[in-house]
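Asker: Supplied in structure tokens, the structure appears directly below.
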Amino acid sequence: MRHAIAMLCVHTSPLDMPGQTPDAGGMNVYIRSLARELGQRQVAVDIFTRRTDDHLPPIVPLGPRTRVIQVEAGPVARLPKHDLYPYLPQFCAAVEAFRQAEGLSYDLIHSHYWLSACAGLELASRWHVAHVTMFHTLAQVKLLSDPTSQEPPLRTEMEKQVVAETDRIIAATAEERLQLMNLYAASPGRISVIPCGVDLRHFVPQDRFQARQRYRLPLDRPLLLFAGRLDPFKGPDLLLRALALMEERAEAVIVGGKLRGDRELQQLRRLAASLGMAARVHFLGALPPCEMPFVYSAADVTVVPSCNESFGLAAVESLACGTPVVATRVGGLAAIVRHGETGYLVPRCAGFFAERLDFMLRHPLLLAQMRRAARPSVMRFNWQQIASQVLDVYAELLSDARYLLAQ
Numbered sequence: 001m002r003h004a005i006a007m008l009c010v011h012t013s014p015l016d017m018p019g020q021t022p023d024a025g026g027m028n029v030y031i032r033s034l035a036r037e038l039g040q041r042q043v044a045v046d047i048f049t050r051r052t053d054d055h056l057p058p059i060v061p062l063g064p065r066t067r068v069i070q071v072e073a074g075p076v077a078r079l080p081k082h083d084l085y086p087y088l089p090q091f092c093a094a095v096e097a098f099r100q101a102e103g104l105s106y107d108l109i110h111s112h113y114w115l116s117a118c119a120g121l122e123l124a125s126r127w128h129v130a131h132v133t134m135f136h137t138l139a140q141v142k143l144l145s146d147p148t149s150q151e152p153p154l155r156t157e158m159e160k161q162v163v164a165e166t167d168r169i170i171a172a173t174a175e176e177r178l179q180l181m182n183l184y185a186a187s188p189g190r191i192s193v194i195p196c197g198v199d200l201r202h203f204v205p206q207d208r209f210q211a212r213q214r215y216r217l218p219l220d221r222p223l224l225l226f227a228g229r230l231d232p233f234k235g236p237d238l239l240l241r242a243l244a245l246m247e248e249r250a251e252a253v254i255v256g257g258k259l260r261g262d263r264e265l266q267q268l269r270r271l272a273a274s275l276g277m278a279a280r281v282h283f284l285g286a287l288p289p290c291e292m293p294f295v296y297s298a299a300d301v302t303v304v305p306s307c308n309e310s311f312g313l314a315a316v317e318s319l320a321c322g323t324p325v326v327a328t329r330v331g332g333l334a335a336i337v338r339h340g341e342t343g344y345l346v347p348r349c350a351g352f353f354a355e356r357l358d359f360m361l362r363h364p365l366l367l368a369q370m371r372r373a374a375r376p377s378v379m380r381f382n383w384q385q386i387a388s389q390v391l392d393v394y395a396e397l398l399s400d401a402r403y404l405l406a407q
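FYI, the numbering for the sequence shown is 1 to 407, going by the UniProt record's numbering.
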């Protein structure tokens with residue numbers, strides 16, 4: 001299959017490390033990994049994102065036939081994602097100008113998140129090509145999970161329009177498919193359920209002792225890991241509250257954010273101090289992908305206390321490294337963590353997390369059994385298999401007579 005795909009990711013760049021910026025997380029990893037896997041299969045992929053940094057070149061290669069194209073749309077600076085909608089016409093115009101200047105023709109658009117999906121509708125109409133969308137998160141689901149979530153009404157309105165007009169929606173789980181149908185009246189025939197992937201060649205178990213030495217972490221204490229964006233929706237504060245309730249003297253490791261000048265990280269430091277936990281919480285900041293297998297391997301348990309997760313990439317990465325997971329029983333996490341076998345799924349309450357974590361740490365034989373079961377449980381998420389499923393969706397749409405005639 002030799003085709004050219006235009007991927008759209010307006011509000012965050014695949015070049016950003018998870019946890020490095022407020023909007024960089026699992027979606028960045030997903031886009032980067034999928035594009036590279038497609039490139040290995042002779043599919044050319046250009047990922048268009050909004051330019052936020054003058055120091056980076058406009059075109060950054062990611063791998064064979066895969067590159068990130070940074071186009072100007074609004075100020076060359078990081079802006080809150082909810083402020084970006086007015087710049088979408090500029091974004092579309094810049095993408096079209098690049099296409100014309102390079103003499104390119106794209107066969108299909110794959111957009112990520114609602115802002116990119118709005119741009120995808122415009123460009124797909126202009127180019128007469130099929131449009132595939134993956135939302136990654138949905139406003140209605142976030143509001144149901146956390147009524148205090150600051151989601152603009154425009155987002156829900158535009159998500160409904162995208163659902164009605166896009167050619168295909170990729171949902172990460174069967175639950176997300178039901179949410180799209182029940183909350184957005186999506187046609188079930190236009191939803192493909194394809195989970196996110198994990199690079200099983202990269203995320204492999206490492207020596208726990210050496211991994212702890214690598215980050216100067218205590219060698220004689222149980223370690224509980226949180227890895228991700230320091231967003232209240234992700235719940236890093238809940239791990240600290242659970243730690244304060246635990247009877248076992250464990251310590252917490254927080255990976256994400258910037259060690260200096262990060263408001264969320266400083267709030268977590270203050271919370272740890274107020275709970276009397278300051279000496280038992282280790283903040284490592286955001287780490288590059290090459291370091292993450294060591295971080296997961298250093299931990300006894302990874303904690304994922306999110307309000308909701310359309311998938312839950314950190315849980316998959318942790319299990320791939322042989323580290324059990326205790327997670328909120330929400331969204332995609334329920335399809336990843338096998339309750340009682342590779343970890344536990346609990347209500348989103350510090351007391352429930354503390355109870356399960358204490359239980360695991362008091363039963364080392366159970367914890368060892370969970371470690372052995374962890375990696376085999378996520379082999380189904382290998383990128384080779386996931387990319388094949390995505391390519392099947394592309395092929396189905398590319399065979400549609402409407403687009404064959406247009407081309």
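By construction, the Cβ of each residue, glycine as well, lies at the ideal position given by its N, Cα and C atoms. Keep in mind that this is a model prediction, so the values were computed, not measured.
Which class does Thr156 belong to by DSSP, given the choice of helix, strand or coil?
Answerer: The answer is helix: DSSP assigns Thr156 an H, G or I state.
Asker: Cα-Cα, which of Asp199, Arg177, Arg208, Asp207 is closest to Val193?
Answerer: Closest option to Val193, Cα to Cα, is Arg177.
Asker: Expressed to the nearest angstrom, what Euclidean distance is found between the alpha-carbon atoms of Gly39 and Val29?
Answerer: Each residue's alpha carbon lies about 15 angstroms from the other.
Asker: Rounding to the nearest angstrom, what Cα-Cα distance links Ser297 and Cys92 in this structure?
Answerer: So the alpha carbons of these two residues sit roughly 43 angstroms apart.
Asker: Can we say the stretch 160-173 touches the stretch 330-345, given the rule of at least three CB pairs closer than 8 angstroms?
Answerer: Segments in contact, yes.
Asker: Using three-state DSSP, classify His363 as helix, strand or coil.
Answerer: In this structure, His363 counts as coil in the three-state DSSP scheme.
Asker: Label Gly276 either buried or exposed according to how many other C-beta atoms from any shown protein chain fall within 10 Å of its C-beta, with 16 as the threshold for buried.
Answerer: Exposed, since its Cβ has fewer than 16 Cβ neighbours within 10 Å.
Asker: When the Cβ atoms of the stretch 79-96 are set against those of the stretch 109-129, are three or more pairs found closer than 8 angstroms?
Answerer: Contact holds: three or more Cβ-Cβ distances are below 8 angstroms.
Asker: Roughly how many angstroms separate the alpha carbons of Thr166 and Thr133, rounded to a whole number?
Answerer: Using only the alpha carbons, I get a separation of about 7 angstroms.
Asker: Between the C-alpha atoms of Phe359 and Glu247, what's the straight-line distance to the nearest angstrom?
Answerer: Cα to Cα, the separation comes out at about 10 angstroms.
Asker: With H, G and I counted as helix, E and B as strand and the rest as coil, what does DSSP make of Ala387?
Answerer: Ala387 falls in the helix class under three-state DSSP.
Asker: Just to confirm, are Arg356 and Val326 a CB contact at a threshold of 8 angstroms?
Answerer: Yes.
Asker: Considering Cα atoms alone, identify which of Arg126, Gln385, Leu268 is closest to Arg41.
Answerer: The shortest Cα separation from Arg41 among Arg126, Gln385, Leu268 belongs to Gln385.
Asker: When the Cα of Ser310 is compared with those of Gly19, Thr12, Leu15, Gly25, which residue comes out closest?
Answerer: Of the candidates Gly19, Thr12, Leu15, Gly25, the one whose C-alpha sits nearest the C-alpha of Ser310 is Gly25.
Asker: Counting C-beta neighbours from all protein chains within 10 Å, is the total for Phe209 16 or more, i.e. buried, or is it exposed?
Answerer: The residue is exposed, with fewer than 16 neighbouring Cβ atoms inside 10 Å.
Asker: Indicate whether Glu264 and Leu223 have their beta-carbon atoms separated by less than 8 angstroms.
Answerer: Going by C-beta atoms, Glu264 is not nearer than 8 angstroms to Leu223.
Asker: For His136 versus Tyr113, is the C-beta spacing smaller than 8 angstroms?
Answerer: The answer is yes: Cβ separation under 8 angstroms.
Asker: For Pro289, which of helix, strand or coil comes out of DSSP?
Answerer: It is helical.
Asker: Alpha carbon to alpha carbon, what distance is there between Ser33 and His128?
Answerer: Roughly 27 angstroms separates the two Cα atoms.
Asker: When you compare the CB positions of Gly228 and Leu259, do they come within less than 8 angstroms of one another, or not?
Answerer: Going by C-beta atoms, Gly228 is not nearer than 8 angstroms to Leu259.
Asker: On the DSSP bridge assignment, give the partners of Pro80 in chain order.
Answerer: Answer by DSSP bridge pairing: none, since Pro80 is not bridged.
Asker: If you run the structure through DSSP and keep just helix, strand and coil, what is Gly63?
Answerer: Three-state DSSP puts Gly63 in a strand.
Asker: Along the chain, where does the alpha helix (DSSP H) containing Gly343 start, and where does it finish?
Answerer: Element bounds for Gly343: not the alpha helix (DSSP H) but the beta strand (DSSP E), 343-346.
Asker: For the alpha helix (DSSP H) that contains Ile31, what are its first and last residues?
Answerer: 26-40 is the extent of the alpha helix (DSSP H) around Ile31.
Asker: So, Leu287 versus His3, is the Cβ gap smaller than 8 angstroms?
Answerer: No.
Asker: To which residues of the same chain is Ala73 closer than 7 angstroms at the C-beta, ignoring the five residues directly before and after it?
Answerer: Around Ala73: Arg50, Tyr87, Gln90, Phe91, Ala94.
Asker: Any idea what DSSP makes of Thr392, helix, strand or coil?
Answerer: Thr is not the amino acid found at residue 392; the sequence shown has Asp there. Note: Asp392 maps to helix in three-state DSSP.
Asker: Where does the unbroken alpha helix (DSSP H) through Val316 begin, and where does it stop?
Answerer: Its alpha helix (DSSP H) spans residues 313-320.
Asker: What do you reckon, are the CB atoms on Tyr184 and Val163 nearer than 8 angstroms?
Answerer: Cβ distance < 8 angstroms, so Tyr184 and Val163 count as in contact.
Asker: Pick helix, strand or coil for Leu108, following the three-state DSSP scheme.
Answerer: Strand at Leu108.
Asker: Opposite His131 in the DSSP bridges: which residues?
Answerer: Its beta-bridge partners are Ile109.
Asker: Does the stretch 147-154 come close enough to the stretch 97-111 to have 3 or more Cβ pairs within less than 8 angstroms?
Answerer: The stretch 147-154 vs the stretch 97-111: no contact.
Asker: Give every residue of the same chain whose Cβ lies closer than 7 angstroms to the Cβ of Pro61, excluding the five residues on either side of it in the sequence, and list them in chain order.
Answerer: Hits under 7 angstroms: Arg67.
Asker: Runs of 4 residues minimum, wholly inside the stretch 234-308: which ones carry the alpha helix (DSSP H) assignment?
Answerer: Complete alpha helix (DSSP H) runs here, min 4: 236-245, 263-274, 292-298.
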